[in-house]
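To get this note's numbering, take the position in the sequence shown, counting from 1, and add 22.
All residues carry an ideal CB built from backbone N, CA and C; glycine is no exception.
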Amino acid sequence: EITPLDPAQPDTAPELLAHLEEIEACHSVAGAASYLLLVRVATPRHLESLLREVRAAANVSTRTTVVLQTFYENRPVAPAART
């Protein structure tokens, strides 16, 4: 998760972070954070380095959750129920 350090700063984080190839997805979210980033890195040291880059590039704070195991991913979206 990333949150701007200054709430008055322009909302340009997605553009400022687009060059970082480790970021696979950037989602705008409701709640305390502004964006949820999905990143993939090889090592904890690489994650630490990436977090420094994210903070510096977009002037944001970060909160990190590490996925230990994925049970399913990229499932097809079910069609909407007809009413």
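If you draw a straight line from the Cα of V51 to the Cα of L58, it is about 7 Å long. In this model, L72 and A100 are separated by some 35 Å (Cα to Cα).
Under the three-state reduction of DSSP, L39 is assigned to helix. The C-beta of V76 has 16 or more other C-beta atoms within 10 Å across all chains shown, which makes the residue buried. In the displayed model, A100 falls within coil according to three-state DSSP, outside both helix and strand. Residues of the same chain with a CB within less than 7 Å of the CB of V82, apart from the 5 flanking positions on each side, are I24, T25, P26, L27, A35 and V76 in chain order. In this structure, the CA atom of A80 is about 31 Å from the CA atom of R97.
Counting only runs of 4+ residues, the alpha helix (DSSP H) found wholly inside the region 61-96 occupies 66-80, in chain order.
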